[in-house]
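Below you'll find the structure, written out as structure tokens, and then a few comments.
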Amino acid sequence: KNEVEQSPQNLTAQEGEFITINCSYSVGISALHWLQQHPGGGIVSLFMLSSGKKKHGRLIATINIQEKHSSLHITASHPRDSAVYICAVRSIYGGSQGNLIFGKGTKLSVKP
Amino acid sequence: EPEVTQTPSHQVTQMGQEVILRCVPISNHLYFYWYRQILGQKVEFLVSFYNNEISEKSEIFDDQFSVERPDGSNFTLKIRSTKLEDSAMYFCASSEGAGALREQFFGPGTRLTVL
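Chains as they are written, first to last, in my numbering: chain A, 23 to 134; chain B, 150 to 264.
Below, the structure written as structure tokens:
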């Protein structure tokens, strides 16, 4: 079973385009994370959300708890944004120590 | 800016051998995690660790795996007798506190190749 689903799986965009990556989850959650994984494999945390919206530079993350859905938006995309973007959630039914359930990721390629 | 570090970056071993993957979490963090990512698949939780004991572990984390904080700064993952299917990227993470609203900081990963 896939508790966290992301779409699209792959995304190719032209530099400057507005990009949206979606994440839907089936479990009750206490928080949702957006992570970025570069080709070398390292993972960087972008956002942690429990409600509403957060913005950091050209990145915006939103979450709708009732609809169990989150989106990651990138404005004015740039080739350096090319990476895999991963949605991960913390289920309210798990233990208390914070382990995450991950989606499969969305591979973004931004062409110059 | 403080960061989580992991060594080695790449480990190649023969099937059946023991490996120890090392992590140095951020110094004031109290909660530690290991995750793994088999090539082409999603990241999976292995284990969380707090106060010198395992807090949670997944089904993947069987008797072949163990974790330790041997000296107050390192956090290690040991695989006793490696199998081919243990080949993966292993990520260490740490957080200042527990629970959903504590951000986890990830290390760069160790790529384990079992031959």
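Quick reminder that beta carbons are idealized off the backbone N, C-alpha and C, glycines included. Quantities reported herein were computed from a predicted structural model and do not represent experimental measurements.
query: Residues that residue 121 (chain A) contacts on chain B, provided the C-beta gap is smaller than 7 Å; result: 182, 194, 197, 205
query: Closer than 7 Å to chain B by CB, residue 74 (chain A); result: no
query: Within-7 Å CB hit, residue 131 (chain A) to chain B; result: no
query: Residue 151 (chain B): contacting residues in chain A (beta-carbon distance under 8 Å); result: What residue 151 (chain B) touches in chain A: nothing, since even the nearest Cβ is about 13 Å away.
query: Extent of the continuous beta strand (DSSP E) to which residue 32 (chain A) belongs; result: 32–36
query: DSSP state of residue 234 (chain B) mapped onto helix, strand, coil; result: helix
query: Test: residue 64 (chain A) CB closer than 7 Å to a CB of chain B; result: yes
query: Between the CA atoms of residue 220 (chain B) and residue 131 (chain A) - distance to the nearest angstrom; result: 42 Å
query: Under the three-state DSSP convention, the category residue 102 (chain A) falls into; result: helix
query: Coil, strand or helix - residue 217 (chain B) by DSSP; result: strand
query: The region 151–164 of chain B contacting the region 199–216 of chain B, beta-carbon criterion three pairs below 8 Å; result: no
query: Separation of residue 85 (chain A) from residue 206 (chain B), as counted between CA atoms; result: 28 Å
query: Amino acids of chain B, ordered along the chain, whose beta-carbon sits closer than 8 Å to that of residue 77 (chain A); result: None at all; the shortest Cβ gap to chain B is about 16 Å.
query: Cβ of residue 238 (chain B) within 7 Å of any chain A Cβ; result: yes
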